[in-house]
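Residue numbers (this note's numbering), protein chains in the order written: chain A, 5 to 104; chain B, 1124 to 1859; chain C, 727 to 916.
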């Protein structure tokens, strides 16, 4: 219930998201990891907002994080679909070509 | 009247011909006539300057003490080890120098004039004048010089000019050999000369005449030199060495071999160099170091050398058929007389004989040149010098004949002529030495008088053979042109002939004061002004001061006029004895002259005595005389070919076989090794390691580094995380 | 008490959901576990007194984003590619990565944990921690007021952002004129 517990949770979320991004080879799976990370940061904000500064702005920050995450997920998935249309696969190593 | 003698009033004597030489060296090819004119004008300028000095010394200041002495420091080598060590150059003019300057420049000018006629149709006409100008400048510089070192410099310069002029006709092989022989023979004498200079220099620190006289007066030169286990007095050693220079340059025995061969040069060159000036330089040197010879006890040696030369050369001249050869040996003989005069202590007469000999011998050579030049052989296209082909030329060349007659009378010692005045005094002093001191001094006296007989004989032989009798070669005689009076051919001869009169040198017609010439104030001017620096007379040199090159007023009122002392500084009794001996000598001289002349007359004009008879009776002697006493044989075949040449071969074998092969060519091997090392270094280190290695390492790094940009997003992500973490680490962890 | 129970349940859901997202082979299952994790996060928000945020989370994330991801998974073949084998790979489900990638991931996580732990300890020692939570009674009203007064720019910007995202997504994923499973001359990649 104290601040530390929330921070621990958000750290775990963050780490899990990190592992997902680094270790998985599917682009969509990587996007999952990104979502986890974003959530971890939003949770952080709100936790601080309650225990440290008691300001309502932390909630607003979390809201905006959610908004951005949604927008980003939409655009990212659109890119994934386009990538799939071109390459016929969504393996991350197929996106390693630096210059066409 | 006061005269200021600055540098610009004295130095042009030597510098004008030198500038003429420098200018002519550049323009002689294109502007030959201008070059010749410049040469003649330069020597005439020198003559005018000399005339001015002569005028001041003889006519204005008539004093034995009057002198001009200026020095400047050429090198200053003083340092703390050697103390003061200066090398000075300078000018020293006294009465002797004044007379010598006038004689040299005057004779040189007349010879320049004659050369414009004699060398006019030669291809290298201008070149001759270039050398002549250099030579006259060197001789005048020598006469003006103040110390033995600068004298030596001009001495060597004259040696070089003599070499160039003797070898002037370098197409003839004989000329090349003769010029080399002249140079090398005088070189032998010069080595000793330099040794003597060094000996004196290391003892008293200077070689100026004045300093040497001063040192002798103070006894500074008394020392010993260790030679081959003997202790030789320093004065004798130095005097002997310097006298060797005279022996070389003035063609005394044993170094007389070069002068006969020097006749390969053109005749005006012979006139200037081998009659009037260069050979006289040797005698001038001996005159200057006379006190050294006296204190060193070398005078008997000097007298004998002079006597032997005088007599020996006269004997060789008896059998010569080339007109120039007769004159050459005559020159050697007369030089022997001068040296003989120094040896017997007759300083004044020796110098007078130098001057008079210069004049009449130059005239004789020029006259011979005039004869040779007009005897043109159409078959060989050369000029004839052989007397057996001449004869009866007196009708064709009257002016030349007149000049030659005057000079022959002078050289043989006819009364009223200058040669009689000087030679008779020398012989009189030789006789005096023999009478007074006996023993060794009989030799020089006998040699002197014997030589005088021979001189009379062979000179008149030459005259009679050339100018009298019937022409022996009709063809040659007919093609000879009649002589006309011309400025550059006859006038120099006649001017020189005028000065062969004895009255110019001593006021009387006979030189003994018997018949005095009228209207002349100081009759015995020569004998008064030229003073013998004998060792008991040197005290006045203790006060000679050397002035630096500053304009200094030398007032000739400070010098007392000298008077002619007919007693020569002796008591009346001694003077009477001296005069008596001199009179005896004069009479003997006259008889000698008459005897020689008549002998020649009977042999060659009257033909009552046949020379062939004498030749047959003394055939061995005749051949010896024709081979010049086998001196050339000795030097060339025995000493050079048997001695020096094998040594030369040995040394050259060493040089080429050993030194060149190992020390010089050996470096090639070393270079080869070094080159190999260097190329290997270049290949391995520079090319492979540095140059190729750079490329290879770039490729290596490329392989390593390009994995960073592999395009994999996850890799980038990891890197970004690492960077972030390390950022936190650098920021945060330290504080926490 | 209610708070604590809710907190524990939400925490449990969040953490295990996240862990299972990592470990699950099947991509669809990973999305579902993400969903659960996000629901747990919403519960956590509630315990923190951020009702509005929790509600927004549920609506947007759970009901929007994850569904969208599921759509994308299904549109791109369902994550059923070939298995790549190499020396150190374990035979995992397709697109799961191999041991190497997991290793790197784990290493990064450990490193981050160390750093984060260090930071956390400091905060724990120096930060002011209020024990009694102070609840905002009129949370929604407050947020609404703030959005339209203090942060109105961000509010409007976020709407522009969403518009841009919308249009962008539509444009980017627009199919070409021919069949999307055909490669042809209309490929824009060059």
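Backbone N, C-alpha and C define an ideal beta-carbon position, used for all residues, glycine too. Since the model is a prediction, treat every value here as computed from it, not as a measurement.
{"Asked": "Can you tell me whether DSSP reads residue 1383(B) as helix, strand or coil?", "Found": "helix"}
{"Asked": "Determine the direct distance from the alpha carbon of residue 781(C) to that of residue 815(C), and round the result to whole angstroms.", "Found": "Residue confidence for residue 815(C) is low, a pLDDT of 49 falling below 50, so the modelled location carries little weight; the figure read from the coordinates is stated next. Distance between the alpha carbons of residue 815(C) and residue 781(C): 42 angstroms."}
{"Asked": "For residue 1538(B), list the residues DSSP reports as bridge partners.", "Found": "Bridge partners of residue 1538(B): none, in fact."}
{"Asked": "Taking only beta-carbon positions, decide if residue 99(A) is within less than 8 angstroms of chain B.", "Found": "yes"}
{"Asked": "Does DSSP classify residue 1347(B) as helix, strand or coil?", "Found": "strand"}
{"Asked": "Where DSSP assigns a beta bridge to residue 1331(B), which residues make up the other side?", "Found": "1270(B)"}
{"Asked": "Checking contacts by CB at 8 angstroms: is residue 1854(B) closer than that to chain C?", "Found": "no"}
{"Asked": "Taking only runs that begin and end inside the region 1281-1330 of chain B, name each unbroken alpha helix (DSSP H) of 4 or more residues, in chain order.", "Found": "1296-1327"}
{"Asked": "Quick one, are the C-beta atoms of residue 1385(B) and residue 1305(B) less than 8 angstroms apart?", "Found": "yes"}
{"Asked": "Could you check which residue in 1772(B), 1164(B), 1375(B) has the C-alpha nearest to that of residue 1142(B)?", "Found": "1164(B)"}
{"Asked": "My guess is that residue 1442(B) and residue 1745(B) are in contact by the Cβ rule of under 8 angstroms, so how many angstroms apart are they, rounded?", "Found": "6 angstroms"}
{"Asked": "Going by the beta-carbon positions, is the gap between residue 1281(B) and residue 1262(B) smaller than 8 angstroms?", "Found": "yes"}
{"Asked": "Please compile the residues from chain B whose C-beta is within a distance smaller than 8 angstroms of the C-beta of residue 838(C).", "Found": "1844, 1848"}
{"Asked": "Do residue 77(A) and residue 795(C) have their C-beta atoms within less than 8 angstroms of each other?", "Found": "yes"}
{"Asked": "Could you name the residues of the region 1823-1844 of chain B whose beta carbon sits closer than 8 angstroms to any beta carbon of chain C, in the order they occur along the chain?", "Found": "1837, 1841, 1844"}
{"Asked": "Would a check of beta-carbon distances place residue 834(C) closer than 8 angstroms to chain B?", "Found": "yes"}
{"Asked": "Is residue 1354(B) helix, strand or coil when you go by DSSP?", "Found": "strand"}
{"Asked": "Is residue 1184(B) near residue 1654(B), with beta carbons less than 8 angstroms apart?", "Found": "no"}
{"Asked": "How many angstroms separate the CA atom of residue 1648(B) from the CA atom of residue 1627(B)?", "Found": "10 angstroms"}
{"Asked": "I'd like to confirm something about residue 1327(B): is its beta-carbon nearer than 7 angstroms to some heavy atom of the ligand HEM, or not?", "Found": "Absent from the structure shown: the ligand HEM. Ligands present: none."}
{"Asked": "Any contact between the region 1546-1553 of chain B and the region 1704-1723 of chain B? By contact I mean 3 or more CB pairs, one from each, below 8 angstroms.", "Found": "yes"}
{"Asked": "For a contact defined as C-beta to C-beta under 8 angstroms, what are the partners of residue 70(A) on chain C?", "Found": "779, 782, 783, 786, 787"}
{"Asked": "For residue 1129(B), is the classification buried or exposed, using 16 other Cβ atoms within 10 angstroms of its Cβ as the cut-off for buried?", "Found": "exposed"}
{"Asked": "Residue 1230(B): which of 1195(B), 1359(B), 1392(B), 1428(B) sits nearest, CA to CA?", "Found": "1392(B)"}
{"Asked": "DSSP on residue 95(A), reduced to helix/strand/coil?", "Found": "strand"}
{"Asked": "Please report the straight-line C-alpha distance between residue 1218(B) and residue 1408(B), rounded to a whole angstrom.", "Found": "15 angstroms"}
{"Asked": "Determine the direct distance from the alpha carbon of residue 1340(B) to that of residue 1283(B), and round the result to whole angstroms.", "Found": "36 angstroms"}
{"Asked": "Can you name the residues of chain A whose CB is closer than 7 angstroms to the CB of residue 880(C)?", "Found": "68"}
{"Asked": "Can at least three beta-carbon pairs, one atom from the region 1411-1422 of chain B and one from the region 1352-1363 of chain B, be found at a separation below 8 angstroms?", "Found": "yes"}
{"Asked": "Could you pull out every residue in the same chain whose Cβ sits closer than 6 angstroms to the Cβ of residue 50(A), ignoring the five residues on either side in sequence?", "Found": "62, 66"}
{"Asked": "Give me the Cα-Cα distance between residue 103(A) and residue 29(A), rounded to the nearest whole angstrom.", "Found": "21 angstroms"}
{"Asked": "Residue 1378(B) and residue 1425(B) - do their beta-carbons sit closer together than 8 angstroms?", "Found": "no"}
{"Asked": "Looking only at its chain, what residues have a beta carbon closer than 7 angstroms to the beta carbon of residue 1330(B), apart from the 5 residues adjacent to it on each side?", "Found": "1270, 1271, 1272, 1320, 1323, 1324"}
{"Asked": "Over the uninterrupted alpha helix (DSSP H) stretch that includes residue 1494(B), give me the two end residues.", "Found": "1470-1497"}
{"Asked": "Counting C-beta neighbours from all protein chains within 10 Å, is the total for residue 1264(B) 16 or more, i.e. buried, or is it exposed?", "Found": "buried"}
{"Asked": "Look up residue 1561(B) in the DSSP assignment and say whether it is helix, strand or coil.", "Found": "coil"}
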